[in-house]
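Colleague: Take this structure first; my questions come after.
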Amino acid sequence: MDFKRSDFPKEFIFGAATSSYQIEGHKFGGAGKTHWDSFAATPGNVVRSETGDLACDHFHHYANDYILMKEAGFDAYRFSTSWARVLPEGRGAPNQEGLDFYDRLVDSMLENDLKPCATLYHWELPQPLADLGGWRNRDIAKWFADFAEVIMGRIGDRMYSVAPINEPWCVAWLSHFLGHHAPGMRDIRATARAMHHVLLAHGSAIQAMRGLGMSNLGGVFNLEWATPVDGSNVARAAAELYDGYYNRFFLGGVFKKAYPENVLIGLGPHMPENFEDDFDVIGTPLDWCGLNYYTRKIIAPNDGAWPSHEEVPGPLPKTQMDWEIYPEGLYKFLKRTQAEYTGDLPLLVTENGMANPDVLTDGRVNDESRIEYLNQHVAAAKQAMTEGVPLQGYMFWSLLDNYEWALGYEKRFGLVHVDFETLERTPKLSYEALKIALTS
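The sequence shown begins at 192 in the working numbering and counts up one residue at a time.
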C-alpha cells in the first residue's frame with residue numbers, strides 16, 4: 192500500500208465491513224424468511240437463483256473471521272444485524288437463538304479488540320412485513336423502531352457505533368423503481384413512498400436508540416457522482432436530477448429536513464400526504480455521517496418518461512462490476528457533504544472497495560488491481576482531510592467474498608477469498624498489503 196497507519200491521526204479508525212445476509216448463512220439459527228428469499232426464488236432475478244442460505248457460513252466461522260481481522264490490524268468491524276433472524280415474523284416474539292448469536296458475535300469482536308459498528312438493516316426485510324406492503328407501508332417506521340429496541344436492548348451496551356439503515360437509495364429506488372433488488376418492483380408511487388418511509392424509519396430508530404441511552408449514532412448513505420455526458424444545459428439538468436434522487440434526497444431529508452425540488456417534480460404527486468410533517472423525526476440529530484462510495488455514472492438525457500435520462504458508458508478503467516474507477520468522486524463527496532450538509536460533524540467512509548475476478552492459484556490470490564484501487568481512494572480521502580474535512584475512519588468493503596445479491600456469488604469484493612464449496616478462507620494479496628500498512 193502507498194499509505195500506512197502513521198500517516199493518519201492516532202484516533203483514526205480502519206475497519207472492514209460485511210452484511211448479515213451476505214455472509215452469515217440465513218438457514219441457520221431459526222431465522223425467518225425474507226423478501227430476498229422470495230426474490231431469489233423467482234426465475235431470472237438472481238444469477239443461478241442463488242440465495243444467502245449458506246453464504247460464507249459466518250454463523251459457524253465468525254471466531255476465525257475475527258482472528259483474521261485482528262491479525263490484519265483492523266480497529267473496527269462494521270457488521271449488520273438480520274431483522275428476520277431476531278424477529279422471524281418482523282414483529283412479536285424474538286428468536287432467542289438469533290439474539291444469542293449476536294451476543295456471541297459482539298463478545299468475539301471485543302475479544303479480538305475490534306470496535307463493534309452495527310448497522311441494523313442491510314436489505315433483508317422479513318417476508319411477513321413485505322406481505323403487508325413493506326417499505327410502502329408507513330407502519331414500517333414503528334416496526335423498525337421496535338426492532339431497534341429489541342436488538343439494541345440486547346447488544347447495545349457494547350456498541351461502538353450504530354446506524355439504522357445501509358444505503359437508503361438501494362432500499363427504495365433500486366428495489367422499487369428499477370426492480371433490481373427485492374421486492375423487485377418498478378412502480379413510481381411505491382418508490383416515492385419507500386424513499387420517504389425509509390428515512391422515517393431511520394429517524395424513528397435513532398429516537399428509539401436515544402431512548403435506550405445510546406450514543407455515537409449515525410446514518411450511512413451510498414453516493415454516486417453524476418457527470419453530464421456533455422456541456423449542454425439539458426445534460427447538466429439530467430445529471431443534476433440523478434444527483435438529486437440518488438444523493439441529495441436522502442442527505443437533504445436527514446440534514447436539511449427537505450427534499451430537492453427537481454426530484455419532487457417527478458415524485459411529488461406520489462408522495463405520502465403531508466409528508467413534510469415527518470421531517471422533525473427524519474432529521475433527528477446524528478453524531479456522524481457515513482459515506483459509501485464506489486463509482487460515478489455518465490448521465491445523458493433522453494425522450495423517455497421521467498426522469499428522462501439514461502446511463503452511458505464512460506472512458507475510465509472499470510471493476511468487475513463494470514463500474515468506472517473514479518477516486519476523485521470520493522474526494523468531491525467528502526468536500527461537498529461537509530460544506531453543504533454536515534459541517535463539523537464527523538464523517539466516515541463506511542464502504543469502499545472493488546469487485547475483481549480473483550482466482551486462487553497455488554494457494555494465493557494476486558489482486559494487485561484492488562491494491563491500486565484502494566491506494567487511489569485512500570489518497571483521495573487523505574487529500575480531503577488535509578483540506579479540513581473531519582474524516583475519522585475508513586471501512587473497506589468487504590472482509591470476505593460473499594453473496595452479492597442479484598449477482599449471486601459471481602462478483603468478489605473480499606480482502607479474503609472464500610471457496611464457496613469448502614468455505615475455506617484465503618487472505619488475498621490486498622489483505623497482506625493492508626496488514627503491513629495497518630501495523631506500520
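Heads up, the beta-carbon is just placed ideally off N, CA and C, and yes, glycines get one too.
#1: Look up Asn557 in the DSSP assignment and give the residues it is bridged to.
#2: Could you tell me the distance, in whole angstroms, from the CA atom of Asp468 to the CA atom of Glu340?
#3: Using only the alpha-carbon positions, how far apart do Asp228 and Thr577 sit?
#4: Compute the beta-carbon to beta-carbon distance between Leu411 and Asn357, rounded to the nearest angstrom, for a pair I have assumed lies under 8 Å.
#5: Using only alpha-carbon positions, find the residue among Leu296, Glu202, Asn236, Leu391 that is nearest to His251.
#6: Mind checking who Met586 pairs with in its DSSP beta bridge?
#7: Please report how far the alpha carbon of Ile204 lies from the alpha carbon of Leu538, in whole angstroms.
#8: With Phe412 as the anchor, note down where its beta strand (DSSP E) starts and where it stops.
#9: Evaluate contact between the region 291-305 and the region 359-369, counting only Cβ atoms and requiring at least three cross-stretch pairs below 8 Å.
#10: Specify, as a first and last residue, the run of the beta strand (DSSP E) that Val540 falls within.
#11: When you compare only the Cα positions, how much space is there between Asp421 and Glu542?
#12: Where do the ends of the alpha helix (DSSP H) carrying His289 lie?
#13: Could you name the residues of the same chain whose beta carbon sits closer than 6 Å to that of Met632, not counting the 5 residues immediately before and after it, in chain order?
#14: His217 and Asp244 - do their beta-carbons sit closer together than 7 Å?
#15: Report, in whole angstroms, the separation of the C-beta atoms of Met586 and Arg269, which I expect to be a contact under 8 Å.
#16: Does DSSP classify Glu467 as helix, strand or coil?
#17: Could you give the DSSP three-state label for Thr486: helix, strand or coil?
#18: Under 8 Å by Cβ, that's how I've got His388 and Gln318 pegged, so tell me the actual separation to the nearest angstrom.
#19: Evaluate the contact criterion for the region 449-467 versus the region 399-414: three or more CB pairs, one atom per stretch, below 8 Å.
#20: With H, G and I counted as helix, E and B as strand and the rest as coil, what does DSSP make of Ala396?
#21: Tell me whether Thr475 sits in a helix, a strand or coil according to DSSP, three-state version.
#22: For the beta strand (DSSP E) that Ile356 lies in, which residues bound it at each end?
#23: Identify the residues that DSSP records as bridge partners of Leu591: which are they?
#24: Cutting at 6 Å between CB atoms, please list the residues of its own chain near Gln567, excluding the five before and the five after it.
#25: Taking the straight line between their C-alpha atoms, what separation do you get for Ile516 and Arg487?
#26: Out of curiosity, what's the CA-to-CA distance linking Glu502 and Ser299?
#27: Using 8 Å as the cut-off, can you tell me whether the region 253-271 makes contact with the region 194-212, which would need three or more C-beta pairs spanning the two stretches below that distance?
#28: If we count the other Cβ atoms within 10 Å of its Cβ and call it buried at 16 or more, is Leu403 buried or exposed?
#29: Alpha carbon to alpha carbon, how far is Asp378 from Ala624?
#30: Using the rule of at least 16 other Cβ atoms within 10 Å of the residue's Cβ for burial, across every protein chain shown, is Lys602 buried or exposed?
#31: Can you grab the Cα-Cα spacing for the pair Pro451 / Gly435, in whole Å?
#32: When DSSP labels each residue in this structure, what does Glu623 get in the three-state scheme?
#33: Go through its chain and collect everything with a Cβ distance to Lys523's Cβ below 8 Å, but skip five positions before and after it.
#34: Gly481 by DSSP, collapsed to three states: which one?
#35: Helix or strand or just coil, what does DSSP make of Thr225?
Modeller: This is what the structure gives:
#1: In DSSP, Asn557 forms no bridge with anything.
#2: 24 Å
#3: 45 Å
#4: According to the sequence displayed, residue 411 carries Val and not Leu. Right, the Cβ-Cβ distance comes to about 5 Å (below 8 Å), so this counts as a contact.
#5: Leu296
#6: Gly206
#7: 11 Å
#8: 409-419
#9: no
#10: 538-542
#11: 30 Å
#12: As written in the sequence, residue 289 is Gly, which differs from the His given in the question. 287-302 is the extent of the alpha helix (DSSP H) around Gly289.
#13: Here the chain has residues from 192 to 631 only, and residue 632 is not among them.
#14: yes
#15: 5 Å
#16: helix
#17: strand
#18: Actually they do not touch by this definition, with Cβ atoms about 18 Å apart.
#19: no
#20: helix
#21: coil
#22: 352-356
#23: Val607
#24: Pro518
#25: 8 Å
#26: 43 Å
#27: yes
#28: exposed
#29: 45 Å
#30: buried
#31: 6 Å
#32: helix
#33: Trp416
#34: strand
#35: strand
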